[in-house]
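Protein chains in written order, with this note's numbering: chain U, 4 to 370; chain R, 23 to 601.
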C-alpha cells in the first residue's frame, strides 16, 4: 500500500489531448474515483498508472517508486509496477480454471506450491468464491466472474488497486448488491484504490474523494458532498445528479449577504445567494436540484425564495410520482410532484440558498 | 464473515517481484523480425541483383549493367509473350468472375433444389492444384480424352480445343471461380437482408431486385476478387505449361520456366529481368487489391440482426436451373476429377473399350517400382507436415509481435510479412535458386527438401497470417493486459495466455498450410534436385515422359490426401478452409 502522486500528466494523440495537465495526489489507503463521461480521459489516466498507455509527459509515482517520468525518460513496463488492475471485461482467461487464474500471479512470483494453495483459498474466501475453484470462467455468472477477477488481483497484494468500471457489465439489481459488497470490502482492506466509472451513484457511494474529469482535464476534486452541493462549474453540476439550469442577466449586484438578483429572459426576477460576485449586467447561469424546487400555491408568498410563473410543457407518470416539464423564461426545467396537474401554468418556488450560481455562460443545454 | 484485511492478505511477507529476464522480449522480437526479413528478402534481392548483371551471378567478373532490360524487350517473340499473358489472365478473370457470381447468387440466394450440395462441389477446384486439374481436364477433354472421343464418334471433330488461349482460360477460370464465389458469398452474408426486402416491399420483382439491389451490393466483392484472379492468372504456371507449350503459346511464367529451368544454357540476366518485370506488375496489382479492399469497407452494410436473407423464389425455373447447374458441376468438377481417379485404376480410358476390361492396379504398382515416385510422396508429406509446423510457429510469432506487442517496428514487420503476396511463385522459385547458389555455406541445403520448406514458408506466410490474424484481432487485449499488470513480461504472457487462446486458429493455420504445401508445385520445380522431389515435380516429370497412367496414380494420391484433410478438418474441427 502506498500513496499515488500524478503530476502534470499529459497524453496527446496527434492534436487530440486525451489527458491535459492532470494532477492528483491520492493518500495511502484512500479511495479515489475518476468520474466523467466516456472520452473524458479517465480510462487513459488509469492506463497510464498501470503502464498500459505511455503518457506524453508528466510524472507518476507510487510510494517511493517512480512509474513514469517524462523528463528523465523513465517508463516502467506494466509488469514492473506491481499494480492490481480489475478490468471492465474482467479479463479472466477462458482456458484456465478459477484456481489457475488466481494462482497465475503467484506462480510468476515463484511462491511455493503450498503457499500458493493457501493464498488462493484465502483470496477466494475473501470474495466468497472458494467453492468455485475448479470452474471455468464461462461457467460463472457475471457477478461471480467479477469477484474472481478481484481475487486474482488481491492475491498478490498489489501496491495500489485500480478498478476500471468493474460494475458496468452487471445488470441493475446485481450492480446494487455488488456496490454494497464492494463498499464493505473497501473498508476492510484499506487499499489505496483508484476507481474509474461514469456512474455518479457508484462514485458518490464508494469514494473518499471524487475527481470529475471532462475533455482530458480535471473539472473538480472533492469529497462526494462537496461535489454534489458545491459543483465547481455547470459541467460538474450537470453530470452529478439531475440539475435544472436557468439563464439570466444580473440586475442587482450581490449585496453584503451575497444575494444576487437575476432577471430571466421574460423579465421575471429570481434572488439567489452565492459566494460568487458577478457585476451588474453580467450574463449568468444558475442551477437547482429537483428536490430544491417546489410548486407554490396561489396564495404562497415568496418567503426565503422567489416565485416564478412557469408554462407546463409536458407531464408524465414515472411510477409513484409525476414528472412535469416546465418552461421558465425560455429555460426548460423538470420537477417531480406527487399529484398530476391539468393546469397550463404553474407557480414555482425557488430557494434563495442552495441554488448554484455560475458566472460563465456556457451551458446552453436544455432539459 | 470474520476475515479481515490483515488475516486475508497480510499473512505472509511481501512477495518477491517477478524478475523476467531483462531484454528477453526485445531479443525474441528483434530475432523474429530479422528472420522474417531475411527469409523474405532472400529470393528477392538475388533476382534484383541478377537483373542488373551482365552474366550469371555465380560467375566471376560480372559487371553492373542496365542492358538486360533492353535485351529482354528486343528478344524475339517477347511482345507476343506479354500479349498472350494479358489475354490469358483477362479471359481467366472474365470466366471466373461470371461463373463465381452466378454460382453465388444461384447456390447462395435462391430456392433451387440441391443448392447447398452444388455450392460444396463448386468449391472443390480450389482445394486441388491447378496441375492436377489440368490433367483431369486432359483426361476428359484432351485430344484423346474420353468425352472428346465420344463426341468425335458422333460428330465430325470436337467443338473444343484445350490447346488454345480460350481453352486454357476455361480451365483456369473454372479453377479460380471459387475465389469469386467465396468473396461474393461472404459479402452477401454480411449484407443487411432488409435492403432486399425493402425493394420487394416497394414492388420490385425477383429479377429487378437481383439486378438493382443484390448485384450492385456484390460489386465490391466482385471487383476485389477480379483483381485477385487476374493476379493468379498472371502467376499460373501449370495450365500454360501443360496446354500452352505444346501449342507454341508462351506466357510469362512458361517463358521464365523454359529459359530458367528447362534450358540447357539459361540466360540468367534475361530470366531475372523478366522476373523483376513480373514482380513489378504483381506489386501494382496487390496494391490495387489493398485499395479496393479499403474501399469495400465503405460499401459493407452491416445489419443489426443476424437474419438469413430470404431466398429468391425461382418458381418454374427451379428445376431447369437445377439441371443446368448439375450439368455444369458434372462437366467441370465431377468428370475431370472422376476421370482422373478412374484413369488411375485403368490401363486406358476410352469410350470404345468397356471399363470392366481395363480395370487394373498396374499404375500404382508401376508407381511403386520407381523409387522416385514413393520418395516424392514421402517428401511431400514431410515438407507439408514438418514445414507446416515450422511455418505455423513462425506465423504465430509474427502475428503476436505485429498485433500483440509494443515492438517498435511492428508496423514495418507487418508490411514485410505480407509482402510475399506480391511475389509470384515462379519469382520466388528463381530467387531461392539464386540465393542458395550465391550464399556460400548454404550449398549443403541445396539438394534437400529444406530449401523447399524455406521457399514454401516464405511464399505462404501471408496465407498463414490470414488464418491467424482475425482471431487475434477479436481476442480482447484485456487478456494480455491483465497478465502484464500482474507481473508477466510479454513473452510469458504470449506463452501462457495469448498462444493457448489462439490454439483453434493455429490448428486451422496448420491445416491450411499443410494442404497448400502439399499441392504446391510452382516454387518447387525451380528448386528440386534428385532426392528432393515432391509430388508436384514428379507429376510434371511423368507427364513429360508421357506416362499418363503414372500421372493419374500420383494425382490420385494427392487428391486422396487433400480430400481426407479437408473432410476431417471441416467435420471435426469446423475449420473454414478458405477466405
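Here a beta-carbon is modelled for each residue, glycine too, at the ideal position from N, C-alpha and C. Keep in mind it's a predicted model, so treat the numbers as computed, not measured.
- In the DSSP annotation of this structure, the continuous segment of the alpha helix (DSSP H) that includes residue 64/R starts and ends at 46 to 73.
- Counting the other Cβ atoms within 10 Å of the Cβ of residue 129/R gives 16 or more, which makes it buried.
- Residues of chain U whose Cβ lies closer than 7 Å to the Cβ of residue 519/R are, in chain order, 96.
- Proximity to residue 279/U across 258/U, 269/U, 292/U peaks at 258/U, based on C-alpha coordinates.
- Here residue 590/R is not near residue 486/R, since their CB atoms are 8 Å or more apart.
- If you draw a straight line from the Cα of residue 251/U to the Cα of residue 45/U, it is about 33 Å long.
- Taking a 10 Å sphere around the C-beta of residue 142/R, we find fewer than 16 other C-beta atoms and assign the residue as exposed.
- Judged by DSSP secondary structure, residue 563/R falls outside any beta strand (DSSP E) and instead within the alpha helix (DSSP H) spanning 557 to 566.
- Residue pairing of residue 291/U in beta bridges, as defined by DSSP: 247/U.
- For residue 51/U, not one C-beta of chain R is nearer than 8 Å to its own C-beta.
- Among the residues facing chain U, residue 522/R is included, as its CB has a counterpart in that chain under 8 Å away.
- Per DSSP, the beta bridge partners of residue 276/U are 262/U.
- In the DSSP assignment, residue 60/U falls within the beta strand (DSSP E) that extends over 60 to 65.
- Taking the C-beta atoms as reference points, residue 237/U is found nearer than 8 Å to residue 248/U.
- Counted as a single uninterrupted DSSP element, the stretch harbouring residue 113/U is not any alpha helix (DSSP H), since DSSP gives it neither H nor E.
- Residue 37/R sits buried, since 16 or more C-beta atoms from the chains shown fall within 10 Å of its C-beta.
- Linking residue 246/U to residue 73/U through their CA atoms gives a straight-line distance of about 40 Å.
- Secondary structure at residue 34/U: strand, using DSSP grouped into helix, strand and coil.
- In the displayed model, residue 323/U falls within coil according to three-state DSSP, outside both helix and strand.
- Using beta-carbon distances, residue 159/U counts as an interface residue toward chain R, with a partner under 8 Å.
- Judged by DSSP secondary structure, residue 87/U falls within the beta strand (DSSP E) whose first and last residues are 86 to 89.
- Between the stretch 296 to 315 of chain R and the stretch 426 to 444 of chain R there are three or more inter-stretch CB-CB distances shorter than 8 Å, so the stretches are counted as touching.
- Here the alpha carbons of residue 244/R and residue 223/R stand approximately 27 Å from one another.
- Taking residue 340/U as the centre and dropping the five residues before and after it, the same chain places the C-beta of 298, 324, 325, 327 closer than 7 Å to its C-beta, in chain order.
- Here the alpha carbons of residue 218/R and residue 318/U stand approximately 42 Å from one another.
- Within 7 Å of the CB of residue 496/R, no CB atom of chain U is found; the nearest one sits about 13 Å away.
- When only Cα atoms are considered, residue 141/U and residue 533/R end up about 28 Å apart.
- Chain U places a beta carbon closer than 8 Å to that of residue 508/R, counting this residue as a contact.
- In terms of Cα proximity to residue 528/R, the closest of 489/R, 107/R, 497/R is 489/R.
- If you draw a straight line from the Cα of residue 232/U to the Cα of residue 60/U, it comes to about 34 Å.
- Where residue 149/U is concerned, the enclosing alpha helix (DSSP H) starts and stops at 145 to 157.
- Counting the other Cβ atoms within 10 Å of the Cβ of residue 146/R gives 16 or more, which makes it buried.
- Take the alpha-carbon of residue 164/U and the one of residue 525/R: they are about 32 Å apart.
- For residue 334/R, no alpha helix (DSSP H) encloses it, and the DSSP letter there is neither H nor E.
- Less than 8 Å divides the Cβ of residue 452/R from the Cβ of residue 297/R.
- Chain-ordered, the chain U residues with CB closer than 9 Å to the CB of residue 503/R read 50, 53, 55, 81, 88, 90, 94.
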